[in-house]
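Accompanying notes for the structure given below.
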Amino acid sequence: SQTIHQWPATLVQPVGSPLSLECTVEGTSNPNLYWYRQAAGRGLQLLFYSVGIGQISSEVPQNLSASRPQDRQFILSSKKLLLSDSGFYLCAWSVLGGRNEQYFGPGTRLTVT
Amino acid sequence: SQQGEEDPQALSIQEGENATMNCSYKTSINNLQWYRQNSGRGLVHLILIRSNEREKHSGRLRVTLDTSKKSSSLLITASRAADTASYFCARSNFGNEKLTFGTGTRLTIIP
Chain A
1 SQTIHQWPAT LVQPVGSPLS LECTVEGTSN PNLYWYRQAA GRGLQLLFYS VGIGQISSEV
61 PQNLSASRPQ DRQFILSSKK LLLSDSGFYL CAWSVLGGRN EQYFGPGTRL TVT
Chain B
1001 SQQGEEDPQA LSIQEGENAT MNCSYKTSIN NLQWYRQNSG RGLVHLILIR SNEREKHSGR
1061 LRVTLDTSKK SSSLLITASR AADTASYFCA RSNFGNEKLT FGTGTRLTII P
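Sequence lines, in order, name chains A and B. The first sequence: position 17 = 17 (the working numbering), numbered continuously. Throughout, the working numbering is defined as the position within the second sequence, counted from one, plus 1000.
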């Protein structure tokens, strides 16, 4: 069966510090991978998605970047965090060329202070 | 914005009652999906309905889709306390690998 991991679960970082959130998927190959951000009590905002190694699509201009160094690894980064980067970050995967049902990780709660 | 709207934003009902949530959207879809999110957790896929389907059932869940009105509804029958969560609709468009999520309905089941 497929499993998706995200870490860390919670993170408190000062403004101006770097960020690295990691997401890995097990039990599947060539997945589509996604990073979302969710503000408190709000819907999901798609940040990045990837259909293959090294292929990253950015949905909104922002202070963040994403990389996919391996088939089942997706990393969200920032060089200098802003207060507005606080939120709940979710990684998800779907089957390439499938019906686009997405399967989510447990999320990372980021607080920038 | 292509983001749809969900209605109501919040819903509180007694355990055992039925809960209905609605989702509207603006563009053509390939399929529409519903997800559940418990507080502080990731989303869980509940059910998918294709654009050529009008109704679909899964356990206590019933989803309808009206493409002429660009709307969908999720009915949860015989609600339980464990159904307390936020529910999101998400639209999949033709030709891309993305989903567009609605704003969500926060459902509270009162024991």
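C-beta: ideal position from N, C-alpha, C; glycine also.
Would you tell me roughly how many angstroms separate the C-alpha atoms of I1109 of chain B and A1078 of chain B, rounded to the nearest one?
Each residue's alpha carbon lies about 11 Å from the other.
How about Y49 of chain A and L90 of chain A: do their beta carbons lie closer than 8 Å?
No, these two residues do not count as a Cβ contact at 8 Å.
Counting only runs that start and end within the stretch 1044–1069 of chain B, where is the beta strand (DSSP E) found for 3 or more residues in a row?
Within the stretch 1044–1069 of chain B, the complete beta strand (DSSP E) segments at least 3 residues long are 1055–1058 and 1061–1066, listed from N- to C-terminus.
Give the single residue among A:L21, A:Q13, A:S29 and A:S57 whose Cα lies nearest to the Cα of Q70 of chain A.
From the listed residues A:L21, A:Q13, A:S29 and A:S57, the smallest Cα separation to Q70 of chain A is found for A:S29.
Check whether the Cβ atoms of L1043 of chain B and R1036 of chain B lie closer than 8 Å to each other.
Taking 8 Å as the Cβ cut-off, L1043 of chain B and R1036 of chain B qualify as a contacting pair.
Taking a Cβ distance cut-off of 7 Å, strictly less, list which residues of the stretch 48–72 of chain A are near chain B, in chain order.
Listed in chain order, the positions of the stretch 48–72 of chain A with a beta carbon within less than 7 Å of a beta carbon of chain B are Y49 and V51.
Whole-angstrom C-beta distance between G98 of chain A and C23 of chain A, which should lie under 8 Å:
With a Cβ gap of about 19 Å, C23 of chain A and G98 of chain A do not count as contacting.
Count the C-beta pairs between the stretch 12–21 of chain A and the stretch 71–80 of chain A that are closer than 8 Å, then say yes if the count reaches three, no if not.
Two segments are said to touch when three or more pairs of C-beta atoms, one from each, lie closer than 8 Å; by this definition the stretch 12–21 of chain A touches the stretch 71–80 of chain A.
Closest by CA to R1081 of chain B, which one among B:E1006, B:I1013 and B:E1005?
First, the residue type needs correcting, since residue 1081 of chain B is Ala and not Arg in the sequence shown. Ranking the options by Cα distance to A1081 of chain B, first place goes to B:I1013.
Cβ-based contacts, 7 Å cut-off: residues of the stretch 9–25 of chain A near chain B
Identification of residues in the stretch 9–25 of chain A having a C-beta nearer than 7 Å to some C-beta of chain B yields an empty set.
To the nearest angstrom, how far is the alpha carbon of V112 of chain A from that of L83 of chain A?
In this structure, the CA atom of V112 of chain A is about 5 Å from the CA atom of L83 of chain A.
Determine, using beta carbons only, whether S1092 of chain B and N1052 of chain B come nearer to each other than 8 Å.
It is not a contact, given that the beta carbons lie outside the stated cut-off.
Whose Cβ in chain A lies nearer than 9 Å to the Cβ of S1092 of chain B?
Residues of chain A passing the Cβ test: R99, N100 and E101.
Which residues in chain B sit within 7 Å of P106 of chain A, going by Cβ to Cβ distance?
Under the 7 Å cutoff, chain B gives R1041 and G1042.
Can you grab the Cα-Cα spacing for the pair D1007 of chain B / G27 of chain A, in whole Å?
Each residue's alpha carbon lies about 36 Å from the other.
Establish whether the CB of G27 of chain A and some CB of chain B are separated by less than 8 Å.
Under the 8 Å criterion on CB atoms, G27 of chain A is classed as non-interfacial with respect to chain B.
Given E59 of chain A, which residues of its chain have a CB within under 7 Å of its CB, disregarding the five upstream and five downstream residues?
Excluding five sequence positions before and after E59 of chain A, the CB atoms of its chain that fall closer than 7 Å to its own CB belong to L46, L47 and F48, given in chain order.
Which residue marks the beginning of the beta strand (DSSP E) containing D85 of chain A, and which one marks its end?
Counting along the chain, D85 of chain A sits inside no beta strand (DSSP E), nor does DSSP assign it H or E at all.
Answer yes or no: does any C-beta atom of chain B fall closer than 8 Å to that of S77 of chain A?
S77 of chain A does not count as touching chain B.
For chain A, check one thing: does any of its Cβ atoms lie closer than 8 Å to the Cβ of H1045 of chain B?
Yes, H1045 of chain B lies at the interface with chain A (some Cβ there is under 8 Å from its Cβ).
One question on the structure: do R68 of chain A and F88 of chain A come within less than 8 Å of each other, judged by their Cβ atoms?
Not in contact: R68 of chain A and F88 of chain A (Cβ atoms no closer than 8 Å).
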